[in-house]
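Asker: Okay, handing you the structure first.
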Amino acid sequence: MKVCVAGAGAFGAKHVEGIRNISGVEVVSVVGRLPDKTREFAQKYGIAQATTELDEVLARPDIDAVILCTPTQMHAAQTIACLRAGKHVQVEIPIADSLADARAIVAAQKESGRVAMAGHTRRFNPSHQWIHRKIAAGELKLQQMDVQTYFFRRTNMNALGQPRSWTDHLLWHHAAHTVDLFQYQTGEVAAHARAMQGPIHPELGIAMDMSIQLKVAGGALCTLSLSFNNDGPLGTFFRYICDKGTFIARYDDLVDGRENPIDVSKVDVSTN
């Protein structure tokens with residue numbers, strides 16, 4: 022499979038590095054906003070084509086799929102363009118910044134018959150897969166998912182310490198992971214939702230704190246606290262409160278409610 026990565030930034034690099042570990046898949050093109058930076062990215066990772074035009078890539082019959090790591094406001098239009106060009110596409114979250122655009126993507130996917138996937142990465146962590154399989158086997162029933170997403174972020178810089186061309190957002194770029202994971206683990210749609218946000222940052226124009234509550238028809242709850250003001254342990258931490266135990270997932274690592282480690286090394290996420 023030949024793949025194009027659109028977005029020559031921190032997330033684009035993560036995808037390229039990940040694909041290197043998958044046999045039979047090759048990144049043959051990178052699309053970026055700045056010509057020089059895009060060429061440097063291509064040279065660093067040995068990618069044959071570097072371009073600033075996604076249309077050039079979509080016109081190539083040899084490219085099977087596109088991974089979109091572009092600014093949020095471009096996601097919907099680019100995803101639809103990829104699908105209409107007959108390409109499979111993975112788009113980083115959020116897939117769109119409006120409900121109408123999200124529905125347009127779904128319609129385009131159905132019409133094209135191609136795979137369209139959001140970058141909901143949390144469900145593939147071994148820790149969450151371990152929980153998922155226990156739930157699927159009837160060994161656990163989720164009562165509540167308590168989630169903390171905490172960062173100390175007062176400037177709009179990416180993971181490489183470079184200025185972003187888009188603004189990081191607690192709802193779009195962080196809460197979306199938890200909403201997906203909660204629905205994935207319960208197998209239900211979170212039909213009930215409540216949310217509050219704190220003051221807007223005067224320069225970034227975003228809320229720096231949020232509180233979200235979700236509930237599915239089966240009764241399970243999700244309580245999510247998010248902050249860019251937290252000066253302490255950073256990251257997202259999931260507490261699964263179940264009928265037969267409590268478990269805490271910290272990315273790939275999993276412990277029980279008393280901090281005893283759980284071995285997830287044999288969890289194969291590739292078959293999910």
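In short: position in the sequence shown from 1, add 21, done, that's the working numbering. In this text, a Cβ means the ideal position worked out from N, Cα and C, and glycines have one as well. It should be emphasised that the depicted structure is a prediction, and the values quoted were computed from it without experimental measurement.
1. Q94 by DSSP, collapsed to three states: which one?
2. So what does DSSP say about L104, is it helix, strand or coil?
3. Determine, using beta-carbon pairs with one atom in the segment 82-94 and one in the segment 182-195, whether at least three such pairs fall under 8 Å.
4. In chain order, what residues of the same chain have a beta carbon less than 7 Å from the beta carbon of M22, not counting five sequence neighbours either side?
5. Report buried or exposed for H213, applying the criterion of at least 16 other Cβ atoms within 10 angstroms of its Cβ.
6. Identify whether I227 lies in helix, strand or coil by the three-state DSSP scheme.
7. Going residue by residue through the segment 135-172, where are the continuous alpha helix (DSSP H) segments of at least 4 residues, counting only ones entirely within it?
8. Taking the alpha-carbon of L242 as reference, which of T207, Q218, D252 has the nearest alpha-carbon?
9. Between the C-alpha atoms of A196 and T257, what's the straight-line distance to the nearest angstrom?
10. Closest by CA to Q169, which one among R271, M95, N146?
11. Any heavy atom of the ligand GTP inside 7 Å of the beta-carbon of Y66?
12. I'd like to know whether the C-beta atoms of A137 and V110 end up nearer to each other than 8 Å.
13. Identify the residues that DSSP records as bridge partners of I262: which are they?
14. Could you pull out every unbroken alpha helix (DSSP H) segment of at least 4 residues lying fully inside the segment 172-227, listed in chain order?
15. Rounded to whole angstroms, what is the Cα-Cα separation between W193 and M231?
16. Between P223 and M229, which are expected to be in contact by the criterion C-beta below 8 Å, what is the C-beta distance as a whole number of angstroms?
17. Out of F145, A97, I152, Q64, which one is the CA nearest neighbour of T267?
18. So, at 7 Å on beta carbons, what are the nonlocal neighbours of D167 in its own chain, with the 5 sequence-adjacent residues on each side left out?
19. DSSP puts V52 in a beta bridge; with which residues?
20. How is E294 classed by DSSP in three states: helix, strand or coil?
21. Please list, in chain order, all residues of the same chain as C103 whose beta carbon is under 7 Å from its beta carbon, the five residues on each side excluded.
22. Beta-carbon separation of G53 and A31 under 8 Å?
23. How should R41 be labelled, buried or exposed, when 16 other C-beta atoms within 10 angstroms of its C-beta is the threshold for buried?
24. Got a sec, what are the start and stop residues for the alpha helix (DSSP H) D122 sits in?
25. Which partner residues does Q99 have in the DSSP bridge list?
26. Considering S246, what are the terminal residues of the beta strand (DSSP E) in which it resides?
27. Could you pull the DSSP bridge partners for V112 from this structure?
28. Could you spell out the range, first to last residue, of the beta strand (DSSP E) harbouring A274?
29. Does the Cβ-Cβ distance between V49 and Q70 come in under 8 Å?
Answerer: Inspection of the coordinates gives the following:
1. For Q94, the three-state secondary structure derived from DSSP is helix.
2. DSSP places L104 in helix when its eight states are reduced to three.
3. The segment 82-94, when compared against the segment 182-195, does touch it at the 8 Å Cβ threshold.
4. So the qualifying residues of the chain are G45, V46, D85, A86.
5. Answer is exposed; the Cβ neighbour count stays below 16.
6. I227: coil per DSSP, three-state reduction.
7. Contiguous alpha helix (DSSP H) elements confined to the segment 135-172 occur at 147-157, taking only those with 4 or more residues.
8. The residue with the shortest Cα to Cα distance from L242 is T207.
9. Taking the straight line from one Cα to the other gives about 10 Å.
10. Among R271, M95, N146, the Cα nearest to that of Q169 is on R271.
11. Absence of the ligand GTP from the depicted structure is noted, as is the absence of any ligand whatsoever, leaving it without description.
12. The answer is yes: Cβ separation under 8 Å.
13. Answer is Q165, T267, bridged to I262.
14. The segment 172-227 contains these whole alpha helix (DSSP H) runs: 197-207.
15. In this model, W193 and M231 are separated by some 12 Å (Cα to Cα).
16. That pair is no contact at about 10 Å.
17. Checking every option, the nearest Cα to that of T267 belongs to I152.
18. Only T244, R260, I262 meet the Cβ criterion.
19. Bridge partners of V52: A27, T72.
20. No statement about residue 294 is possible, as the shown extent of the chain runs from 22 to 293 and does not include it.
21. Within the same chain, C103 has close Cβ partners L79, V87, V110.
22. Their beta carbons are not under 8 Å apart, which means G53 does not touch A31 by this criterion.
23. So R41 counts as exposed.
24. Taken as a continuous stretch (DSSP letters only), the alpha helix (DSSP H) holding D122 covers 120-133.
25. Per DSSP, none; premise fails for Q99.
26. 242-248 is the span of the beta strand (DSSP E), which, as asked, contains S246.
27. Per DSSP, L89, A139.
28. What sits at residue 274 in the sequence shown is Asp, not Ala. Residues 274-277.
29. Cβ distance < 8 Å, so V49 and Q70 count as in contact.
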